[in-house]
Structure formats: C-alpha cells, structure tokens
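Under mature numbering (1 follows the signal peptide of the UniProt record, and there is no 0), the letters of the sequence shown match residues -22 to -1, 1 to 325, in that order.
By construction, the Cβ of each residue, glycine as well, lies at the ideal position given by its N, Cα and C atoms.
Because the structure is a prediction, the values reported are computed rather than measured.
See structure below.
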Amino acid sequence: MQPMTKAIGVATLILAPIAGMAASQPDANGDAKEQWHRGILAGYQSLATGAGDLSHAAADYCSAPEQSSRDTLERAWLDAFLAWQQVRFVDFGPVENDNLAWQFQFWPDPKNLVARKAGYLLTGEDPISADVIAQSGVAVQGFPMLEYLLYDEQLNTGNNALPAPGTCSLLTAVAGHIESNSKQLSEQWQSFRKHYLATEQYRDATIRAGMTALEILEERRLAQPMGLRGNGKRSIYAADAWRSGSSLKTAEATVLGLKQSFLPGLKQLLESSSQPELGQRIGRQFDEVLEHFPDLHSPMAELLSRDETFSLLQGFYVDVSQLTTMVNDQAAVELGVVRGFNSSDGD
C-alpha cells in the first residue's frame, strides 16, 4: 500500500496549487472589476466636473467677451476634452446608449462634417437652442464642434467669428449638451455597478476595451498622420484635435487614463496568472510611453513638418507599439481574451 499512498500524496501536492488557483481566480476577477468600476467612475466624475466648468466658461465668455474670459474658455475646453480622453477607452455600458461616445467626440471626420454642420447652423434662420443641438446629430454635439468654433482659422477670420451672437448661441448650446451628457454618464455608471460586477462577460469586455484603445492610438491616431499607413504621406488632417494643436496632449491623456483606470485591474488578474510579473512589465512600459511628455506637447503639425521633431514622434510611436503588443498579444493571451471584431484593424 505504500506506493499507492505515496502516489496519492504526490497527486495532492500537484493538485493543491491548481485548486488554489481555481479558487482564487473568481476572487481576482471580482477584485479586478471592482478596481475597473472605481477607476472609470472617477474618470466619469472628472469629466462631469470639467464639462460643468466648460459650460459656465462658455456662458461667461459670451456675456463678457474679453480676452481673459476667452483664455478661461479655451483652458476649460481643453481640460474637459482631456478628461474625456482619459475615459475614451470605455466602449461598453452606459456610454453605448444613444451613441454617447460619438456625441462626445465625432472622429474620424474625413468629410469635414463638423465644419459643414456648423456652417449650416450659423447661416440658418432658426435660432440655435438646446433642442436644435439635440436633434442635429453627433457631428454637432461634442468637443470637436467647440474646437472648430474656438480654433478654426477660416471661421475666426470671418463674420461668424466668436463672439458673434449666432456662434455664441451654438457654443453655449453645445457646451450645455456636453455637460448634460457628462452628468448623465456619471450617474448611469454608478447605477451600472451592480450589473457590471455581477456579469462575467464584463471582465473580457473591459480588457478588450483597453486593447482596442491602444490599437486605435497606434494605428489611427499616430500611424495614419505620420504616413506609416495608407498612401505613406504625412497628414495633419488624419489626426484628431488638429485645429487646436492638441493631438499629442489627447494621446497623453488616453495613455494616462488607461494607466489609472485600466492597468490596476489588469495587473490584479495577471498576478493570479502563470505570468505574475507581466503586469509589472506592462506598468513600466506605460511609464516609458508617458516619459515622452511634456516634450511632445507641441502641435502635431510642427512634429510632422521637420525630420528632427518627427524623430520624437517616432520614438513615441515605437513605445506605444510595444505597449500595444504587451497588452494585446501577451496579457490578453495569458488571460484567454480573444480580440473582438470591432478592433481597428478592420476585421
């Protein structure tokens, strides 16, 4: 009986860690989702606060259009827009309702619909109100429309330049729409907590959201304007937020948001996997990406125009590519997450 006893003892030693890992995995999943929900909620609350400040700044500027109030308005627009960038990666849950993500940021815009819609509204006879904005479609309703009103060169040299009454009406109505949507999103995400934590599929959905955000940053927001995709020509118009020169600031905010709201839960899961050190390596890669700033706070147009500044952009792109590979091809595989069909590769 001794050999049998020894065999049972060996099997027990082998199976004990496996059983322990199996028991700990649901706990890890629950802890990860708790961290994700908490981080995303903080991001949505910051967005709501920034959007409220933006709406007030727009109203203040239009009632007293001085340089100081214009400066305050531009800072408020950028702060709120960057707050959106930090939670932009979330592509599930309440933000799916009524195309909220598109309402916040209509992009890409290859047909320049933002400018065309603005021209239509500013030359129309009907007064611009909150109801008009609500019915005018996503190209009108978000941060890109405000960027157009504040920074478009052609608009700002014409009769409709701020603080023209019609343009101020459009400015304040859109800012109010963003504020309303931001508050709604924050409240709905809080209410979504119980369902999010209880639904197993949201573990993978959250991981895919981070994966997709990194793919979009690498392929669409960097590679395309850099001329690394498509026709091989550098083009500022392929970038987002090019009118305000904020393309790289928004990229930084996206990475920072992923580090703050996505990485902690991912590390929690990886610590319970067969590669517990992978989370630490991904964290260090996030730091590598962010070390390119503030040197890359320059407008994208300047970085694309000269080889010596373009090299700074290339270094950033390489580090983002490495981070994307670590998350999408290593962490996701380790955690058994299959990339979805909505990824930026066009599948």
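Going by C-alpha positions, A229 is about 8 Å away from R199. By the Cβ criterion, the stretch 144 to 159 is in contact with the stretch 30 to 45, since at least three pairs of Cβ atoms, one from each stretch, lie closer than 8 Å. Within 10 angstroms of the beta-carbon of D297 lie 16 or more other beta-carbons, which makes it buried.
In the three-state reduction of the DSSP assignment, W167 falls in the helix class.
Around the C-beta of N209, fewer than 16 other C-beta atoms lie within 10 Å, and the residue is accordingly described as exposed.
Under the three-pair Cβ rule at 8 Å, the stretch 297 to 310 counts as touching the stretch 178 to 189. About 6 Å separates the Cβ atoms of L56 and S224, confirming a contact at the 8 Å cut-off.
At least 8 Å separates the beta-carbon of F84 from that of V110.
Rounded to whole angstroms, the gap between the alpha carbons of I214 and G154 is 29 Å. Pairing A142 with R221, the inter-Cα distance amounts to about 20 Å.
Judged by DSSP in its simplified three-state form, G208 adopts coil rather than helix or strand. Annotation for L163: Y22, L25, A26, P72, V73 and L78 place their beta carbon closer than 8 Å to its own, counting only its chain and skipping 5 residues before and after.
In the three-state DSSP reduction, A6 falls in the helix class (H, G or I).
Runs of the alpha helix (DSSP H) lying entirely within the stretch 129 to 178 and spanning at least 4 residues, in chain order: 143 to 169 and 171 to 176.
Between the stretch 239 to 253 and the stretch 5 to 20, the count of Cβ pairs shorter than 8 Å is three or higher; the stretches touch. Just so you know, the alpha carbons of Q64 and R262 end up roughly 19 Å apart. Counting of Cβ neighbours within 10 angstroms places E196 among the buried residues, the total reaching 16 or more.
If you draw a straight line from the Cα of Q168 to the Cα of L175, it is about 11 Å long.
The C-beta distance from I185 to V315 rounds to 5 Å, short enough to fall under 8 Å. Secondary structure of I194 (DSSP, three-state): helix. Between the alpha carbons of G28 and R53 lies a gap of roughly 10 Å.
Annotation: Q45 to R94 spans about 27 Å, alpha carbon to alpha carbon.
Annotation for Q119: no alpha helix (DSSP H) segment contains it, and DSSP assigns it neither H nor E. For K211, the CB contacts under 7 Å within the same chain, skipping 5 residues up- and downstream, are G205 in chain order.
Exclusion of the five residues before and after Q166 leaves P72 as the residues of its chain whose Cβ lies within less than 7 Å of its Cβ. Judged by beta-carbon spacing, N138 lies within the 8 Å limit of L100, meaning their Cβ atoms are closer than that value. In the three-state scheme derived from DSSP, where H, G and I count as helix and E and B as strand, D273 is classed as coil. Between A183 and P203, the CB-CB gap reaches or exceeds 8 Å. DSSP places L313 outside both helix and strand once states are collapsed to three, so it counts as coil. Apart from the 5 residues on each side of it in sequence, V267 sits with its Cβ closer than 8 Å to the Cβ of V233, F294, D297, V298 and L301 in its chain, given in chain order. Using a Cβ distance threshold of 8 Å, L226 and L274 count as a contacting pair.
Rounded to the nearest whole angstrom, the C-alpha separation of D130 and F170 is 38 Å.
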